[in-house]
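Comments concern the structure below.
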Amino acid sequence: GYFERVFAALDDAQPQEVLGCEYGGLNESYAELYARTGDRRWLAMARKLYDRRVLDPLAAREDKLANFHANTQVPKLIGLARLYELTGEEKDRTAATFFWERVTGHHSYVIGGNADREYFTAPDTIAQHITEQTCEHCNTYNMLKLTRHLYGWQPDGALFDYYERAHLNHVMSAQDPSTGGFTYMTPLMTGAPREYSTVKDDAFWCCVGSGMESHAKHGESIFWEDDAGGLIVNLYIPADADWARRKAKLTLDTRYPFEPESRLTFTRVKAGRFPVALRVPGWAAGKAAVTVNGSAVTPVFQRGYAIVDRRWIAGDTVAITLPLELRIEEASGDADTIAILRGPMVMAADLGPASVK
């Protein structure tokens, strides 16, 4: 390939200069090409697309992300995640996992987005960076993609607590419901207008592309199957699904996050015993209620899930009720900078059209 020929002509130091730009997910693309062809040329090429300045500290569990362009970095870690899946190289997993932990825990705003004016700031300083240019949509699109990789290695409800928050509060708000236009930034500064792409502007930012993809992916992470053949429900979104392993058809009915109850019905299933794990968000820990066919049950609570292990037959329904209570979250860096949430949703005031000053 073209890049293979270009990089073959470079010495060991020169690629690091080239990798200082924003080059998207090229390492992931080459890793995937290797996965599909078995040609180790592409694995070698994926390894060459390794930005030492950013990735070496992460592999050593050091957060040196401040002042780096955020969305340049996330795809690099998605690429390492894919390489870990293909090669088992623990260094790749360490870097990807540590990056996710730091970004979600120390560099993210309350809606799950990250970066101010596209750049990472110092960790735990969100309160000092609430501006008119926060939370680029592409960043969150890619963070959700990385989250899916991490979840595939070690399922944990906390991963989907982040996924749900970012999906509901950032991804879902990134499209104008009246025009279909997409945001680049989601500004969290009070009174800052949200700008959307328009046909008149001939706008086709990166976030228009990721915006289109995001709204085609709402259903991809609702249901998962665990290694033992159990069912995991990670997102409470109205859905129907066919489950091949259990010869089942599932229906998930809910108006969450506006109403507290979600009901899963086996409209068809090969009768048998298996666990159904319903995610309990961290903010609802100890307060979730579960019923089977209308009767209260006591599930096993583990790793952020309420698990009901029983014999299921066609027509069975399991329901979970989550308390949608108001609560306050402080922004990192200033306890007096707060957001108000109801369940998974960040509350915001409608200040009217941006044209009205």
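Following the numbering used here, the numbering of the sequence shown begins with 3 at its first residue and continues without gaps.
C-beta: ideal position from N, C-alpha, C; glycine also.
In this text, all values refer to a predicted model and were calculated from it rather than measured experimentally.
*How long is the line joining the alpha carbons of Val235 and Arg150, rounded to whole angstroms?*
14 Å
*asked:* Our contact map puts Glu24 next to His71 with C-beta atoms below 8 Å; I'd like the distance itself, whole angstroms only.
replied: 6 Å
*Give the DSSP-derived three-state secondary structure of Ile80 in the structure shown.*
helix
*Looking at the structure shown, is Glu227 part of a helix, part of a strand, or coil, going by DSSP?*
Looking at Glu227 - three-state DSSP - the assignment turns out to be strand.
*Taking the C-alpha atoms as reference points, what is the distance between Gly296 and Ile322?*
So the two alpha carbons sit approximately 11 Å from each other.
*Measure the alpha-carbon distance for Val173 versus Leu343 and round it to whole angstroms.*
17 Å
*Could you work out which residue in His169, Pro195, Ala194, Thr200 is closest to Gly183 when comparing CA atoms only?*
Closest by alpha carbon: Thr200.
*Roughly how many angstroms separate the alpha carbons of Pro283 and Val8, rounded to a whole number?*
48 Å
*Would you list the residues sitting across from Gly288 in a DSSP beta bridge?*
Gly288 is not bridged to any residue.
*asked:* Assuming Phe2 and Trp226 are in contact, meaning their beta carbons sit under 8 Å apart, how far apart are those beta carbons, in whole angstroms?
replied: The chain is shown from 3 up to 359; residue 2 falls before or after that span and cannot be answered.
*Do Ile340 and Ala333 have their C-beta atoms closer together than 9 Å?*
yes
*Look at the alpha carbon of Val112 and the alpha carbon of Val348, and state the distance between them as a whole number of angstroms.*
Val112 and Val348 have their C-alpha atoms roughly 7 Å apart.
*Mind checking Gly40: buried by the 16 CB within 10 Å criterion, or exposed?*
With fewer than 16 other Cβ atoms within 10 Å, it is exposed.
*asked:* Going by beta-carbon coordinates alone, are Thr123 and His109 separated by less than 9 Å?
replied: yes
_Nearest neighbour of Gly107, chosen from Pro125, Thr185, Ala176 [CA to CA]_ = Pro125
_Identity of the residues DSSP links to Glu444 by a beta bridge_ = The shown model of the chain, from 3 to 359, leaves out residue 444, and the question about it has no answer.
*asked:* Suppose the cutoff is 8 Å on Cβ atoms and the five residues either side in sequence are ignored; what does the same chain contact list for Arg54 look like?
replied: Gln18
*What first and last residue would you give for the alpha helix (DSSP H) that runs through Leu343?*
First-last for Leu343: 336-344, but that is the beta strand (DSSP E), not the alpha helix (DSSP H).
_Would you call the region 237-250 in contact with the region 192-211, where contact means no fewer than 3 C-beta pairs closer than 8 Å?_
no
_Please state the DSSP three-state secondary structure of Ala246._
coil
_Exposed unless 16 or more other CB atoms sit within 10 angstroms - verdict on Gln156_ = By the neighbour-count rule (16 or more Cβ atoms within 10 Å), Gln156 is not buried but exposed.
*asked:* What ranges does the alpha helix (DSSP H) occupy inside the region 186-224, keeping only unbroken runs of at least 4 residues that lie completely in it?
replied: 208-216
*Who are the Cβ neighbours of Tyr86 in its own chain at under 6 Å, not counting the five residues just before and after it?*
Asp94, Arg95
*Just mark Asn69 as buried or exposed, buried being the case when its beta carbon has 16 or more other beta carbons within 10 Å.*
exposed
*From which residue to which residue does the alpha helix (DSSP H) around Gly154 run?*
Counting along the chain, the alpha helix (DSSP H) containing Gly154 begins and ends at 139-155.
*Enumerate, from N- to C-terminal direction, the unbroken alpha helix (DSSP H) stretches of 4 or more residues contained entirely within the region 8-47.*
16-20, 28-39
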